[in-house]
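FYI, full-length UniProt numbering numbers position 112 of the sequence shown as 112, with every residue one higher than the one before it. The beta carbon of each residue, even a glycine, is placed where N, CA and C say it ideally should be. Since this is a predicted model, take the numbers as computed values, not measurements. The structure under discussion appears below in the form of C-alpha cells.
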Amino acid sequence: MNWISDVVRPRIKTLFKRETPENLWVKCPDTGQMVFHKEVEANLWVIPGSNHHLRLNAADRLKITFDGRFEDIPLRSVAADPLKFRDEKRYADRLRDARAKTGMQDAVKVAVGNVDGTLMTVAVQDFAFMGGSLGMAAGEAIVTAADTARERGTPFVLFVASGGARMQEGILSLMQMPRTTVALRRLREARLPYIVVLTNPTTGGVTASYAMLGDVHIAEPGALIGFAGPRVIEQTIREKLPEGFQRAEYLKDHGMVDMVVPRTELKATIANLARIFMKQPAPDAGASSGNPPKVENKPAATSDGGTGAGTSAKTSPPHDSAKSAPANPPAPAAEAAAEAGEKPQ
C-alpha cells in the first residue's frame, strides 16, 4: 500500500493543483494592504485608498502618457565602460545585467507622439536601470530629446526618476550636467516649453542640472525630491528633519515645485500647460485618436518676433476638427497657467 500511496497521491495532487500567479496581488508600501494587481494597473499603478504612487518603468510611463502610437527616437551609442571601472563587480557586467533586466540600453527612453492631441517630445528615466543614474548614455539621450523637440518645434516633457550621477563613469558622468544644461538653453532660445515631472525619487546631481531647469515643475504625490537624501542630511547635521521633509507636498508648500498632480490627472495637466505655452486651442476628441501626427516644416519664431531657420511641428488630426476646436483654452487650463507661471522667455 505504501508504494501505491507514494505514487498515486502525489500525481492526483498535481493533477488538481492550481497555480497562483506571483503577481496576483500588490502590497501597499504605506499601509501593507494587499490589492488586486489588475485593480492597481487599471488605476495607473496608484494604490486605491492609500493613493501611494508606485514606480513606473519607462515602457508603462510612455504607454499611459501618449494617446496611442508614438515614435521611438533612436539614440546614439556611447562608450560602454570608458574607465574600465570595477568595484565589487565589473561595470560592464552591471550594464549587461541591467539591460537584461529592463530590456533597455540605458536609463532613458525618448519618444515623440500626441499627448491629449498635442504633439510632444517625451523623455523618461527608468529607476529600474541602475537607479536611473545619469551617465554618458543617459546624458546623450536627454540632449537628443531636447534637440528633437527644438527641430520639430514641440514642447519637451521630461519624467525624472534618478539617484544622481553614475559613479562608475566618474567625471564623464558629471560632464552630462553642463551638456544637458546647454541643450536646454538652446531649447529655451527657440521659445519652446520645457515641462519637468519629478517622480519618486529625484535626488543627486540631476537636481543640480536638468531636473530643476523647467519652465514648470510638476511633482507626483509623495515623491522624494532633493540633492542629498534625508538620512545623509540627518547624519551630517545631527538633527531630526521635519516630517515629510523633501517630499513633493513639502516642496510645493515652500516654493520649490509649482504643483503636485496625481498621476490620473497628469496627462491632461501636461497637455493644458503645453497648449497655453504654445498658444494652441484645445483639440476635439478626434485629435487624440492615437493616429500618428503629420508634421510640416515651418520657420520657427525667434525672440525678436521674426523667423529663424529652425522648424516647428504642426499636428493634423485624422478628422477635420479645425472648425469645432474652441478659440480659447478651457477654464482648467487657464487655472493651470496661473499656477505654472509665465511663458518661457
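Residues near residue i in its chain [Cβ-Cβ closer than 6 Å; skip 5 each side]
i      : result
Asp106 : Ala137 and Ala138
Cys28  : Ile47, Ser50 and His52
Phe70  : Ala111 and Gly113
Arg55  : Phe127
Gly244 : Tyr250
Val78  : Met136, Ala137 and Glu140
Assigned exposure category for residue i - 16 Cβ within 10 Å defines buried
i           : result
Glu169      : buried
Leu83       : exposed
residue 349 : Because residue 349 is not part of the residues shown, which for the chain are 1 to 345, the question remains open.
Gly153      : buried
Pro283      : buried
Arg231      : exposed
Asp215      : buried
Glu140      : buried
Ile237      : exposed
Gly113      : buried
Ser312      : Only weak support is given to the placement of Ser312: the predicted model assigns it a pLDDT of 38, under 50, and the value that follows is read from those uncertain coordinates. Per the 10 Å Cβ criterion, buried.
Own chain partners of residue i with C-beta closer than 8 Å, once the 5 adjacent residues on each side are dropped
i      : result
Ala80  : Ala92 and Leu95
Thr264 : Asn43, Leu44 and Val46
Leu172 : Pro82, Leu83, Gly135 and Met136
Thr203 : Ser162, Gly163, Gly164, Leu224, Ile225, Gly226, Phe227, Ala228 and Gly229
Leu241 : Pro230, Ile233 and Glu234
Ala333 : Its pLDDT being 42, under 50, Ala333 is placed unreliably by the model, and the measurement read from it follows with that caveat. So the list reads Asn272, Leu273, Arg275, Ile276 and Ala282, once near-sequence residues are dropped.
Glu239 : none
Lys252 : Ala219, Asp258, Met259 and Val260
Integer-rounded CB distance, given that residue j should sit under 8 Å from residue i
i      : j      : result
His37  : Pro221 : 21 Å between Cβ atoms; not a contact.
Gly163 : Pro193 : The Cβ separation is near 27 Å, so there is no contact.
Leu224 : Gln246 : 6 Å
Val26  : Val35  : 5 Å
When the options are compared against residue i, the one with the closest alpha-carbon
i      : options                           : result
Thr65  : Ile233, Ala145 and Leu119         : Leu119
Pro262 : Thr199, Pro242 and Arg275         : Thr199
Arg206 : Arg55, Glu41, Arg166 and Arg90    : Reading off the sequence shown, one finds Val at residue 206, where the question assumed Arg. With distances taken between Cα atoms, Val206 lies closest to Arg166.
Glu41  : Asn57, Phe70 and Thr31            : Asn57
Asp67  : Gln235, Met104, Ile233 and Gly117 : Gly117
Leu174 : Pro155, Ser133 and Asn272         : Ser133
Arg99  : Lys63, Thr236, Gly131 and Pro155  : Gly131
Ala211 : Arg90, Gly113, Ile142 and Asp87   : Ile142
Lys267 : Glu39, Lys63, Ala59 and Arg55     : Lys63
Val197 : Ile73, Asp87, Gly244 and Leu273   : Leu273
Met278 : Pro155, Asp97, Arg55 and Glu39    : Pro155
Ile73  : Thr148, His254 and Asp253         : Thr148
Beta-carbon gap between residue i and residue j smaller than 7 Å
i      : j      : result
Ala157 : Ile218 : It is worth fixing the name first, because residue 157 is Val in this sequence and not Ala. Contact flag unset, no.
Val124 : Lys101 : no
Ala146 : Ala183 : yes
Pro159 : Arg61  : In the sequence as displayed, the identity of residue 159 is Phe instead of Pro. Yes; because the gap between Cβ atoms is below 7 Å, this pair is in contact.
Glu249 : Val257 : no
Thr121 : Leu75  : no
Phe129 : Met104 : yes
Residues of its chain near residue i, where Cβ-Cβ distance is below 7 Å and the 5 sequence neighbours each way are ignored
i      : result
Arg150 : Arg186, Leu187, Ala190, Leu192 and Gly310
Ser209 : Met177, Thr180 and Thr181
Gly49  : Gln33
Ile270 : Val115, Val157 and Ile195
Asp30  : Ser50 and His52
Glu39  : Pro48
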